[in-house]
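The opening residue of the sequence shown carries number 149 in the working numbering; numbering runs sequentially from there.
Beta carbons are placed, not taken as given, at the ideal position from N, Cα and C, and that holds for glycine.
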Amino acid sequence: MNTKINALLAAIALAGVFSASIDDAGARERTRSRTASNVDGVRSAATNASGSGVNGSYARGRQWQADGQGNASGSRGATVNGANGGSATSQSGFYRNADGSAGRQGSASVNGPNGGTASTSGGVTRDANGNVVGSRSTTATGQNGNSYDGSTSISNGAVTHTGTCTNAAGEVIACPGGN
């Protein structure tokens, strides 16, 4: 995968992190809310925040719950819109069951102010016997129209990856740095 695509993927991964670190103090408008509950061993919590100002806007939220029997789940999401026209979103969720099974899924996308885009989505699950299966798909398109489309999967310990790069005309081209 080429360095530009790696940079886009890094931007996607960091979108949620950066949205969490946007300084509320500079926002013209902002909101925050937090809730928590613990009733009969069932616990839950949620937080939400949003803000907007001259540098753009953001919104983020997360929630989780546990039933006291070994089962838990949660999710989070974030959206950032820059003043220059760029934007990014991310969301993820997880679960864990008392029998040891668990899973996680997530997706993210970024739209650059100059036309580049990237997105990724996937998930991984583990059953009660410890078997792990998962996959992730990633696409990225530069402002020049060249693109990358790839997927990675894991099943029974074997990892498989495929990736294809195309130019703006849709013709397959060599991926810079391999795929």
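{"Item": "Three-state class that DSSP yields for G270 in the structure shown", "Value": "strand"}
{"Item": "Stretch pair the segment 259 to 279 + the segment 238 to 248: three plus CB contacts closer than 8 Å", "Value": "yes"}
{"Item": "Rounded C-alpha distance that separates G209 from N315", "Value": "37 Å"}
{"Item": "Which of helix, strand or coil DSSP assigns to S249", "Value": "coil"}
{"Item": "Check whether A256 and S285 have beta carbons under 7 Å apart", "Value": "no"}
{"Item": "Reduced DSSP secondary structure (H/G/I, E/B, other) of Q217", "Value": "coil"}
{"Item": "Residues bridged to G241 (per DSSP)", "Value": "S223, Q253"}
{"Item": "Contacting residues, own chain, Cβ-Cβ under 8 Å from T312 (five flanking each side not counted)", "Value": "Y296, D297, G298, V320, C323, N327"}
{"Item": "Within 7 Å, strictly: CB atoms of G318 and Q291", "Value": "no"}
{"Item": "Counted within 10 angstroms of its Cβ, other Cβ atoms place V190 as buried (16 or more) or exposed", "Value": "exposed"}
{"Item": "Beta-carbon proximity list for S267, same chain, < 6 Å, skipping 5 on both sides", "Value": "S257, T287"}
{"Item": "CA-to-CA distance, R182 to Y243, given in whole angstroms", "Value": "21 Å"}
{"Item": "Residues bridged to D284 [DSSP beta-bridge criterion]", "Value": "In the sequence as displayed, the identity of residue 284 is Arg instead of Asp. Beta-bridge pairing links R284 to G270, T300."}
{"Item": "Paired residues, beta bridge with Q211 - DSSP", "Value": "A194, S223"}
{"Item": "For N150, the three-state DSSP class (helix, strand or coil)", "Value": "Legend: pLDDT at N150 = 46, less than 50; position of this residue unreliable, value from coordinates given subsequently. Coil."}
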